[in-house]
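Novice: These protein sequence lines map, in sequence, to chains A and B.
When you line the first sequence up against the working numbering, it's residues 24 to 511, in that order.
When you line the second sequence up against the working numbering, it's residues 671 to 1109, in that order.
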Amino acid sequence: MGGRPLYLEPRLEPRLRSLLAATGTLRSLTDALGSPLHVVVPDQIAENLERFRSVYRRHHLSGQVYYAHKANRSSALLRRLAATDAGVDVASLGELQHALGAGFTADRITATGPKNPEFLWLAALTGVTVSVDGAGELDQLAALVRKHALAPVRVLLRLSGFETSGVKVLSRRSRFGTPVRELDPLLEAVERHGDAVELTGVAYHLDTTSVAEKATALEGALAALEACRSRGLRPRAVDVGGGFGVSYLAEREQWEAYTTALTAAVLGRRPPLTWGGHGYGLRGESGTLRGVLGLYPAHRSVAGAAYLDELLAQPAASLGGRPLAALLLEHLYDLHSEPGRALLDQCGLTLAKVLEVRSQEAGGALLVRLAAKADDIALEDHGVLVDPVVIPGSGAGPGEGPVAVHLFGGLCLETDLITRRTVFLPRRPVPGDLLAFANTAGYAMDFHATRAQHQPVARKVAAWQDGDAWRWCLDDQFWPITPSGGAQ
Amino acid sequence: MRYDSITDAIGNTPLVRIDPAVHGLRNIDLFAKLEMLNPFGSVKDRAAWNMARPLLAEAVEHGSQVVELSSGNTAKALAVVAGMHGLGFKSVTNRMRVPEIKDLLLLLGAQIEELPGQSECLDPTATDDPLTLFHRTLSASGSTYLHTDQYYNPRNTEAHLTGTGPEIVKDLDGRVPDWFVACVGTAGSSTGVARALREEDPSVRVVGLVAAKSDFIPGIRTIDEVQEVGLFDPETYDTMESVSADEAIEGMLTLNRRCGILGGPTGGAAYHGAVRHLRAVDEELTERRTAVFIVCDRVESYLSYVRQRRPDLLGRPPRKNSPADLTDAEVGGAPSVTVAEARRWIDSEGPLVVDLRSPYAYAALHIDGSVNIVDELFAELLQGGVPFSRSRPVLLACPVGEQSARYAALLTRMGHPDVRSLAGGIIAWRDAGAPLVRD
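1. In or out: S270 (chain A) buried (at least 16 other Cβ within 10 Å) or exposed?
2. Using the Cβ count rule (16 or more neighbours within 10 Å means buried), how would you classify A1075 (chain B)?
3. Taking beta-carbon pairs under 8 angstroms, can you tell me which members of the region 327-357 of chain A lie near chain B?
4. Pick out whichever of B:C929, B:V969, B:K990, B:H1036 has its Cα sitting closest to the Cα of E1050 (chain B).
5. For R1100 (chain B), I'd like the list of residues in its chain whose CB is within less than 7 angstroms of its CB, leaving aside the five on either flank, ordered along the chain.
6. So which of B:P935, B:T924, B:V762, B:S675 has the shortest CA-CA distance to S974 (chain B)?
7. Taking Cβ-Cβ distances below 7 angstroms as the criterion, which residues of the region 865-888 of chain B are in contact with chain A?
8. Can you grab the Cα-Cα spacing for the pair T135 (chain A) / G1054 (chain B), in whole Å?
9. Identify, in the order they occur along the chain, each residue of the same chain with its Cβ nearer than 7 angstroms to the Cβ of D871 (chain B), setting aside the five sequence neighbours on each side.
10. Applying a beta-carbon distance threshold of less than 9 angstroms, which residues of chain A neighbour L1035 (chain B)?
11. Just the Cα atoms here: how many angstroms apart are G65 (chain A) and V111 (chain A)?
12. Any C-beta of chain A sitting closer than 9 angstroms to the C-beta of R1027 (chain B)?
13. R783 (chain B) bridges to which residues according to DSSP?
14. In the region 718-780 of chain B, which residue ranges form an unbroken beta strand (DSSP E) of at least 3 residues, counting only runs that do not cross its ends?
15. In the DSSP assignment, find the unbroken alpha helix (DSSP H) run with M922 (chain B) in it and report its ends.
16. Applying a beta-carbon distance threshold of less than 7 angstroms, which residues of chain A neighbour R1100 (chain B)?
17. Distance, Cα to Cα, R949 (chain B) vs V965 (chain B)?
18. Does R825 (chain B) pass the burial test, meaning 16 or more other C-beta atoms within 10 Å, or should it be called exposed?
19. Taking the alpha helix (DSSP H) that D162 (chain A) falls in, what are its first and last residues?
20. To the nearest angstrom, how far is it from the Cα of K883 (chain B) to the Cα of E917 (chain B)?
21. Measuring CB atoms only, is the region 721-731 of chain B touching the region 691-708 of chain B, in the sense that at least three cross pairs come out at less than 8 angstroms?
22. In the structure shown, what three-state DSSP assignment does N1042 (chain B) receive?
23. For the region 852-870 of chain B against the region 251-261 of chain A, are there 3 or more C-beta pairs whose distance is under 8 angstroms?
24. Give me the chain A residues within the contact set of I893 (chain B), using Cβ-Cβ distance strictly less than 7 angstroms, ordered along the chain.
25. In three-state DSSP terms, what is M671 (chain B)?
26. Quick check: the Cα distance between A165 (chain A) and L222 (chain A), rounded to an integer number of angstroms?
27. Can you list, in chain order, the residues of the region 889-921 of chain B whose Cβ is nearer than 8 angstroms to any Cβ on chain A?
28. Roughly how many angstroms separate the alpha carbons of L84 (chain A) and D332 (chain A), rounded to a whole number?
29. So H429 (chain A) packs on L374 (chain A), CB below 8 angstroms; how close in whole Å?
30. Among the residues of its own chain, which have a CB less than 8 angstroms from the CB of D894 (chain B), if the five just before and after it don't count?
31. Can you name the residues of chain A whose CB is closer than 7 angstroms to the CB of P1069 (chain B)?
32. Along the chain, where does the alpha helix (DSSP H) containing K237 (chain A) start, and where does it finish?
33. Near S1040 (chain B), which residues of its chain fall below 6 angstroms by C-beta distance, leaving aside the five closest residues on each side in sequence?
34. My output table needs one value for A1067 (chain B): the three-state DSSP class, helix, strand or coil.
35. Given a threshold of 16 other Cβ atoms within 10 Å of its Cβ, counted over all protein chains shown, does A994 (chain B) qualify as buried or as exposed?
36. Using DSSP with H/G/I as helix, E/B as strand and the rest coil, what is E211 (chain A)?
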């Protein structure tokens, strides 16, 4: 197996740890509902929301935390959130209908992303705030409002391309939003459509892990709001989007040891750690490492609410060096945030049954086939490397010591690898065991799932603690008033 | 010593013995090669000058811009060299985490571009990393850049092969040290010096130091990051060891306070790594040996780095009249007024209204007739005493009434007879529908 096993053990908070320990429940769930199976934990999302709220409180900031719906289709999670004071950020007509149906009132919904006319109309009709991508969308929205005699729609202007003075911070290019350089014509359009839209603020969403880039954008957003005010408009909010990150792994040391070993493997200084010597974006060229590691930084010292806290503490150089939180507060602006993945941290897991365990001739890693497709457990699609937890089947005896395995799905495609890397497990799995992939609720459950080959898409259940026991129902059946469950 | 150009002053840096009472090694003489005494302040002066020198005449002719991927010392040296020749300099980096260096580079006329951070959502279709894009920009036809390419340029190593290494041997009266210890950044100095020393005496042992993986030490790479450096060859080093940021700062303090050597954290890391490595072998020795490490730059640029990691080292005496001295009871008992009371009070007695928010927020919207003294400035003013007449009542306002309560308590303690805090602050004022103006 090439040296010591390189474990990447998942970070488990008490709820998921407890659920994983309820092995009887998990086994009977997969026996009844099949493999793969997603289990969501609605109460956790309410707890995560509270962590964000406490950051708001610490800085005396008001404003909304919007759950980015696209990260998970679950009704249970959405309905549980509806029973809190959170908002929801919807990116399609279907998501908007889902949110309204889950009990969110229009003042708690914001519509973002690319929009088709039906989506825009329903948003305008119900009085949802619309995050406008550009002047064209603004024109389209205003025309809808006038044609159907609707009340003026609240809009946020989604901006991009923020620039700094002094040190130029290069930013990843985005297809979305209007470059701040074109703010003036956009504001002229807002004024022109004054009868149909009401500007409530500006928004941005940057796909980066860099706090510095986000701070630059927030500082730029404050400047844009000042430009709005100087025209006599009355904006009162900044939407800073999400991208606050999740720490998937329990141990920093494991992540560091793994990535160092991967580097050595790519340079040929140790046996490969992946199927076919895949380098996750790295490659060796005459002994020098080239390329960039295309993996999610799976262990983070600062993630989620703590990341937002750190962002808010950044000084704004062009505004006297005061922290961004103080500036937001002093300017009387509401702070809106849209954490998707971070709100779903620890909110669910995915179970897959082991169908076959095959030894390779050369004595290499075992081939383990799961009753699942790679797109049902899409951690790998997001570059997240984390070990599954082995849950013994009812009749299975414990295997001997640590083993290296390759995890395959059920499609007849060489690419249907649950993970491209060699996974180390503390013992040899046997058919009938379950592998539990922890923390899949954010983007890894149904963002990529398809019905190719008539293979079923994983079903989903909601689970909650009732004293010492775990109870469950189908995801669709969960409401916060479900007996002994949810918010009661 | 008389020179025609400051670049002539590059090199020939002193080799200074560290007092054995400080390092505690009984059988090893430990020397520091003070590269911080190069004219632009670091070991990188040698490489920058050696890389740029042969290309300058042509660059001047074409008006090229000098560019380099550098977060610090190489950029600094190149910015000066470029400026001396009437050329612009641009540094592209993703790791410039020391604000003083950034400011110094801007002062020297450099342009700085920071590379974007890692994508939060993995994009499997992304084929190009930012560095590849940077190199592609440079090689695009018609571009006029002088790219020194420090991570791949053999002239980086050569500067130390022909300069730093031989200087060490000369200053040790022709002997090669038994150990050479160096931090690895571009690997230029460690590789060049190691090669020069080995040519004289192959028995020299070379210790390469890298930063612990989760740590950041300016100028040093981690064990994975060195693999990205074209000049790095693991064969150069007899051993690679890692140093933590805390250890680097401790080593730096020893150099600064006990040796009079004002080196930065990289020099501190080299000192710490050298002593740690040598202590184990020192016990076994029966004859005298020598070791040399490099102090690559100066401490002055790293004050914010130290402040962030070891604020205790920059402790300052307590200040007078500080809002931090107040007890919770004093703050809780601070006189305050509601928005409605404040409006009546303003109409009847006309208190001085002091808005403690930043000037930008104040300029955007404020209570009519108020003055703006931002809280930081206000705190400084109060150190000298009450900054306005005691005969005039004062209303203090901040965003939510928290800071204003503190200052109201402090001013009361300082003897002001009628100072009150606006309860709920400007936000409560706005929410009550009271007027705010922009003038």
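Built from N, CA and C at the ideal position, the CB exists for glycine as well.
Specialist: Looking at the atomic coordinates:
1. Buried, by the Cβ-count rule.
2. When all chains shown are included, A1075 (chain B) counts as buried.
3. Of all residues in the region 327-357 of chain A, only L342, G343, R345, A349, L350, L352, E353, H354, L355 place a beta-carbon less than 8 angstroms from a beta-carbon of chain B.
4. Comparing Cα-Cα distances from E1050 (chain B) to each of B:C929, B:V969, B:K990, B:H1036, the minimum goes to B:K990.
5. For R1100 (chain B), where only same-chain residues beyond five positions count, the Cβ hits under 7 angstroms are L1106.
6. Nearest of B:P935, B:T924, B:V762, B:S675 to S974 (chain B), Cα basis: B:P935.
7. Taking 7 angstroms as the Cβ-Cβ cut-off against chain A, the residues of the region 865-888 of chain B that qualify are K883, S884.
8. So the two alpha carbons sit approximately 53 angstroms from each other.
9. Counting only Cβ-Cβ distances below 7 angstroms, and skipping sequence neighbours, we find V846.
10. Correct list: R252, H354, L355.
11. This sequence places Pro at residue 65 (chain A); Gly is not what is there. The straight-line gap from Cα to Cα measures roughly 15 angstroms.
12. So yes, R1027 (chain B) belongs to the interface.
13. Looking at the sequence itself, residue 783 (chain B) is Glu, so the reference to Arg does not match. BP columns for E783 (chain B) point to A:K191, B:V762.
14. The qualifying runs are 735-739, 759-763.
15. Boundaries of the alpha helix (DSSP H) around M922 (chain B): 915-923.
16. Per Cβ cutoff of 7 angstroms: L355.
17. Taking the straight line joining both Cα atoms gives about 19 angstroms.
18. Label assigned to R825 (chain B): buried.
19. 158-170 is the span of the alpha helix (DSSP H), which, as asked, contains D162 (chain A).
20. Near 14 angstroms, if we compare the C-alpha coordinates of E917 (chain B) and K883 (chain B).
21. Result no; under three Cβ-Cβ pairs closer than 8 angstroms.
22. Three-state DSSP puts N1042 (chain B) in a strand.
23. Too few Cβ pairs lie closer than 8 angstroms, so no.
24. Below the 7 angstroms Cβ cutoff, chain A contributes T283 as neighbours of I893 (chain B), in chain order.
25. Here DSSP, grouped into helix, strand and coil, assigns M671 (chain B) to coil.
26. Using only the alpha carbons, I get a separation of about 12 angstroms.
27. Only I893, D894, Q897, E898, V899, G900, F902, D903 from the region 889-921 of chain B bring a Cβ to less than 8 angstroms from some Cβ of chain A.
28. Rounded to whole angstroms, L84 (chain A) to D332 (chain A) spans 11 angstroms at the Cα level.
29. About 19 angstroms; that fails the 8 angstroms criterion.
30. Cβ neighbours of D894 (chain B) beyond the five flanking positions: K883.
31. Here the neighbours are H83, L352, E353.
32. It spans 234-253 - the alpha helix (DSSP H) in which K237 (chain A) sits, taken as one unbroken run.
33. Setting aside the 5 residues that flank it on each side, S1040 (chain B) is surrounded in the same chain by V1023, D1025, each with a C-beta closer than 6 angstroms to its C-beta; the list follows chain order.
34. In this structure, A1067 (chain B) counts as strand in the three-state DSSP scheme.
35. With fewer than 16 other Cβ atoms within 10 Å, it is exposed.
36. Helix at E211 (chain A).
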